[in-house]
Structures are given as C-alpha cells and as structure tokens.
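Chemist: In our numbering, the protein residues as written are 42 to 518.
Glycine is no exception: its CB is placed at the ideal position from the N, C-alpha and C atoms.
Since the model is a prediction, treat every value here as computed from it, not as a measurement.
Submitted below is the structure of interest, expressed as structure tokens.
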C-alpha cells in the first residue's frame with residue numbers, strides 16, 4: 042500500500058499546483074510537503090516493509106518493493122527533497138526574472154507540475170515488477186522532464202529538448218523491442234512480463250541474448266552510457282539545476298535499475314556474455330568522457346560527461362559482481378551532483394555565462410559557491426575521503442592488472458581535465474559580473490543546501506575510509 046501511495050502522492054500534488062494558478066508560495070509548499078511525505082514513505086519501506094503487504098494479486102504482479110527498489114527509491118526521494126528545499130529561495134528569483142521578461146523563462150507553475158510528474162514516473166520505475174510497466178514508466182519520465190529543458194526558452198534549449206525527446210524515444214523503442222523479445226524468450230505467448238515469474242521460468246538463451254542487447258541499448262540511452270549519450274550534454278547544459286540534479290542522480294539510477302532487472306532473469310549460460318557487454322560499454326563510456334572533458338568549454342556540459350563516466354564505472358562494478366559498491370557509487374555520485382549542479386546554477390546566475398574561458402576570479406565574485414564547487418568536484422573525482430575513492434579502489438583491485446590500469450589511466454585524465462577547468466574558473470583576475478551586489482548576496486545564501494550535502498558526504502566518506510583502514514589492519518594483525 043505504501044508503494045501505491047508513493048506513486049500517487051506526487052500526482053495529487055500536481056493537481057494542487059494546477060489548481061493554485063500563479064500562486065508561487067503554494068507551488069513551493071506543495072513541492073516540499075510532497076517531498077517530505079515521499080521521504081517518510083521511502084523510510085517506512087525500510088523500517089516496516091510488511092506494511093506494503095496485502096495488495097491484491099493483480100496489483101502485486103505489477104508493483105512492489107525489494108532491496109534494489111528501496112535503494113533507488115531512497116535516492117529519488119532524497120534528491121527530490123533537496124531540490125524542493127532549494128526551490129524555496131530559487132523559485133522567487135526565477136519568478137522575478139519571469140515577470141521582467143516572461144517570454145524568456147518557463148512559468149514556475151509549469152516547472153512545479155513537471156517536477157511532480159517526474160517524481161511520480163520515477164517512483165513507478167523503481168516500483169515496477171512488470172517489464173511492460175517498467176517500459177511505460179521509463180517513457181513517462183521522458184515526457185514529464187522534457188518541458189523543463191526549455192526553462193530558458195532559447196533556441197539552444199529548444200534544440201536540446203527535441204534531441205532529448207528524439208534520442209530517448211529511439212532508445213525506448215529499442216527497449217520495447219527488447220521487451221517483446223524477452224516475452225518470446227520466456228515463452229509467454231499471452232504477453233505476461235512478470236519479473237518474478239520470468240526469473241523462475243526456463244528462458245531461451247538465444248532469444249534472451251537478443252532481448253538483452255536491445256534493452257541494454259534502450260535503457261543505456263536513458264542511463265547515458267556511450268555511445269548512446271548524445272542527448273545528455275545538451276539537456277544538462279540547458280536545464281535548470283533542480284532538473285539536472287534529478288536527471289543526473291535519480292533518473293540515471295532508474296535507468297540502471299531497468300538494466301539490472303533484465304540481468305536478474307538471465308539464464309546462467311549467458312551471464313558472462315551480459316557482464317562482458319556491460320564492461321565493454323563501461324570502459325567505452327569512461328574513455329569518451331575523458332576525451333570530451335579535457336577539451337570541454339562549458340562547465341555544465343562537463344558535469345554531464347562526468348555523469349557518463351560514473352555510469353560507466355557503475356556498470357563495470359556491477360558486472361564484476363560488486364553490487365554493493367555499485368549502489369554506493371550511485372548514491373555518492375547522486376549527492377555530489379546535487380552540490381555541483383546547484384553551485385553551477387548559482388555560478389551561471391552570477392556570471393551570466395556557462396563558458397569556462399569567460400569566467401575567472403570566481404573566489405572574488407561568489408566565494409561560497411566557488412569553494413563548494415571545487416570541493417565537490419574533487420570528491421567527485423575520487424579524492425579521499427570521498428566515498429567514490431572506496432568504490433573506485435574496489436573496482437581497480439577487482440578488475441585485474443590490465444583492466445585496472447586502463448581504468449586508473451582514464452580516471453587520471455578525467456581528474457586532470459576537471460580540476461584544470463575548475464581552477465581556471467576559480468583563480469585569476471575577477472571577470473565582469475552582470476549580477477548586482479544584492480543578487481550576489483542572494484546567491485551566497487543559495488549555497489546552504491549544497492554545503493549541507495557536502496558536509497554529509499565528507500563525514501560519510503571519512504567514516505567509510507576509517508572503517509576500510511581498520512578492516513585492513515584487522516586482516517593484517
């Protein structure tokens with residue numbers, strides 16, 4: 042019952058926002074109340090999972106929860122809560138700009154409606170127990186989030202939105218074809234796609250291989266794996282920070298969950314084939330991200346390629362059998378992207394540009410945003426005590442000498458590229474700044490949520506690192 046409530050709760054909020062008209066305070070309150078209730082529901086699924094029992098059999102075959110779905114659902118809830126809290130200060134600033142020049146910004150009401158629809162569709166992805174319903178929910182995430190990309194109503198944002206819709210729809214088309222092949226592989230002539238039934242059925246290996254390839258290409262497109270990631274840099278660079286946070290952290294986790302669900306029903310004889318394919322795409326994603334990051338001129342596009350890199354690492358970790366490390370990597374990456382995209386939004390509002398070469402002396406313009414951005418970027422690159430340092434070390438150790446060396450080299454290239462670009466922005470003479478002193482003061486206040494998340498990640502990273510060191514000492518002695 043809790044799962045169903047979590048799916049329909051954002052839809053109720055959506056209707057409330059729709060009925061509120063242009064009352065901005067109502068939009069903000071609805072978003073945050075929905076976020077808090079969604080977080081409480083996600084926590085209850087961990088504390089009292091039995092409360093979700095008692096669903097009718099037909100509904101139970103469609104939606105439910107397990108450890109994987111609860112993990113992804115927790116990431117979704119937490120990121121939406123953090124995004125919602127950020128809207129308390131961010132929406133009034135956007136509203137002011139909307140009133141000054143309405144044709145250049147999306148209505149805050151429409152932004153709120155799309156955010157709530159996005160939350161509902163991602164919740165449905167996490168809760169799906171049926172491959173057909175999973176596909177429908179994944180397509181719904183595209184439709185709900187696409188309007189947010191044209192937040193600034195420019196030619197570039199319109200192009201980015203259509204690229205996002207077109208490429209993701211092509212990817213979802215591949216996933217649909219793969220879903221039909223999976224039904225054939227399971228011998229479900231009636232079209233039943235229950236994940237639990239398929240996991241316990243005799244699946245035809247050859248048909249499953251074909252299904253997996255198409256579903257990996259389809260959901261890999263939404264996940265941002267190379268070479269299917271063409272939509273990601275444009276969408277992230279044009280979308281507001283609150284959407285980029287949800288897309289980079291929550292949506293990519295949902296897409297990966299779709300791939301994992303397909304892997305869960307794989308026959309034993311094709312599991313090596315599937316894992317090898319994940320490793321190949323993971324390395325390719327890491328290599329492409331490294332190539333584009335070192336020559337990048339837009340700091341939000343750079344963060345998009347960073348997401349591609351980390352999804353590649355997650356794929357490799359899962360393929361090597363380190364599921365716990367993959368889930369930890371997803372959670373840590375999501376939290377750090379909260380910090381980086383919110384700080385990047387503030388930097389854009391302060392400097393009026395996303396071009397790296399046009400920004401310098403950021404420490405003198407917005408000190409808090411500059412420090413927050415730099416620290417989060419270093420942690421994202423795996424600098425201790427980042428939780429990502431632990432997961433990346435696990436990957437390198439498990440990958441063996443050849444694959445481990447390749448991963449280390451590519452990680453170093455990414456680190457060098459991202460830190461070089463960040464230092465160019467932060468150090469040097471102060472560039473021209475279109476924002477007034479009052480606006481800069483407001484932007485400094487917008488760093489509260491990112492800094493809070495950053496402190497949490499640092500504390501968690503220190504705890505994990507100390508635990509790992511003590512564990513190694515216990516092994517030695």
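#1: Restricting to Cα atoms, I'd like to know which of 450, 199, 434 is closest to residue 509.
#2: Ordered along the chain, which non-local residues of its own chain (more than five positions away) have a Cβ less than 6 Å from that of residue 409?
#3: Taking all protein chains shown into account, decide if residue 59 is buried (16 or more other Cβ within 10 angstroms of its Cβ) or exposed.
#4: Excluding sequence positions up to five away, which residues of its chain have a Cβ less than 6 Å from the Cβ of residue 183?
#5: Alpha carbon to alpha carbon, how far is residue 67 from residue 48? Give it in angstroms, no decimals.
#6: Cα-Cα, which of 185, 396, 152, 290 is closest to residue 62?
#7: Could you name the residues of the same chain whose beta carbon sits closer than 6 Å to that of residue 117, not counting the 5 residues immediately before and after it, in chain order?
#8: Do the region 319-327 and the region 271-283 make contact, defined as three or more Cβ pairs closer than 8 Å?
#9: Between the region 306-313 and the region 173-182, do three or more beta carbon pairs fall short of 8 Å?
#10: Excluding the five sequence neighbours on either side, which residues of its own chain have a C-beta within less than 6 Å of the C-beta of residue 165, listed in chain order?
#11: Expressed to the nearest angstrom, what Euclidean distance is found between the alpha-carbon atoms of residue 458 and residue 413?
#12: Hey, out of 465, 404, 225, 188, whose CA is closest to residue 154's CA?
#13: Tell whether a beta-carbon distance below 8 Å holds between residue 287 and residue 456.
#14: Count the CB pairs spanning the region 253-262 and the region 212-223 that are closer than 8 Å, and state whether there are at least three.
#15: Who are the near neighbours of residue 199 in its chain, counting only those whose CB is closer than 6 Å to its CB and skipping five residues on each side?
#16: Please name the residue or residues paired with residue 161 in a DSSP beta bridge.
#17: Could you check the C-alpha separation between residue 399 and residue 314 for me, to the nearest Å?
#18: Give me, in chain order, the residues of the same chain whose beta-carbon lies closer than 6 Å to that of residue 51; leave out the 5 immediate sequence neighbours on both sides.
#19: Using 8 Å for Cβ pairs, my map puts residue 348 next to residue 427. What's the rounded Cβ distance?
#20: Can you tell me whether residue 410 is helix, strand or coil according to DSSP?
#21: Run the CB neighbour count on residue 519, radius 10 Å, all protein chains shown included, and call it buried at 16 or more, exposed below.
#22: Expressed to the nearest angstrom, what Euclidean distance is found between the alpha-carbon atoms of residue 251 and residue 261?
#23: Hey, would you say residue 407 sits closer than 8 Å to residue 388, going by beta carbons?
#24: Closest to residue 383 by CA distance: which of 204, 46, 127 is it?
#25: Return the bridge partner residues of residue 169 from the DSSP annotation.
#26: Name the two residues that bound the continuous alpha helix (DSSP H) containing residue 246.
#27: According to DSSP, is residue 336 part of a helix, a strand, or is it coil?
#28: What span of residues does the alpha helix (DSSP H) with residue 42 cover, start to end?
#29: Which ranges does the alpha helix (DSSP H) cover as unbroken runs of at least 4 residues, wholly within the region 438-496, from first to last along the chain?
#30: Nearest-angstrom Cα distance between residue 207 and residue 201?
#31: Would you call residue 171 buried or exposed, if buried means 16 or more other Cβ atoms sit within 10 Å of its Cβ?
#32: I need the straight-line Cα distance from residue 368 to residue 473, nearest angstrom please.
#33: Where does residue 342 sit, in a helix, a strand or coil, going by DSSP?
#34: I believe residue 340 touches residue 462 by the beta-carbon criterion, under 8 Å. Please report the beta-carbon distance rounded to the nearest angstrom.
#35: Note down the Cα distance separating residue 79 from residue 376, rounded to an integer number of angstroms.
#36: Please classify residue 362 as buried or exposed, where buried requires at least 16 other C-beta atoms within 10 Å of its C-beta.
Modeler: Taking the geometry as given:
#1: For the residues 450, 199, 434, the minimum Cα distance to residue 509 belongs to 434.
#2: Only 485, 488 meet the Cβ criterion.
#3: exposed
#4: 209
#5: 21 Å
#6: 152
#7: 163, 291
#8: No, they do not touch.
#9: no
#10: The residues are 48, 178.
#11: Straight through space, the alpha carbons of residue 413 and residue 458 are spaced by roughly 18 Å.
#12: Of the candidates 465, 404, 225, 188, the residue whose Cα lies closest to the Cα of residue 154 is 188.
#13: no
#14: yes
#15: 191
#16: DSSP output for residue 161 lists no bridge partner at all.
#17: 47 Å
#18: Here the set comprises 75, 157, 160, 161.
#19: That belief does not hold up - the Cβ atoms of residue 348 and residue 427 are roughly 16 Å apart, past 8 Å.
#20: helix
#21: Because the chain in this structure spans residues 42 to 518, residue 519 falls outside the shown range and cannot be described.
#22: 15 Å
#23: The answer is yes: Cβ separation under 8 Å.
#24: 127
#25: Looking at the DSSP output, residue 169 sits in a beta bridge with 104.
#26: 246-264
#27: coil
#28: It is not in any alpha helix (DSSP H) - residue 42 carries neither H nor E in the DSSP assignment.
#29: The region 438-496 contains these whole alpha helix (DSSP H) runs: 442-467, 478-486.
#30: Between the alpha carbons of residue 207 and residue 201 lies a gap of roughly 10 Å.
#31: buried
#32: 42 Å
#33: helix
#34: 7 Å
#35: 18 Å
#36: exposed
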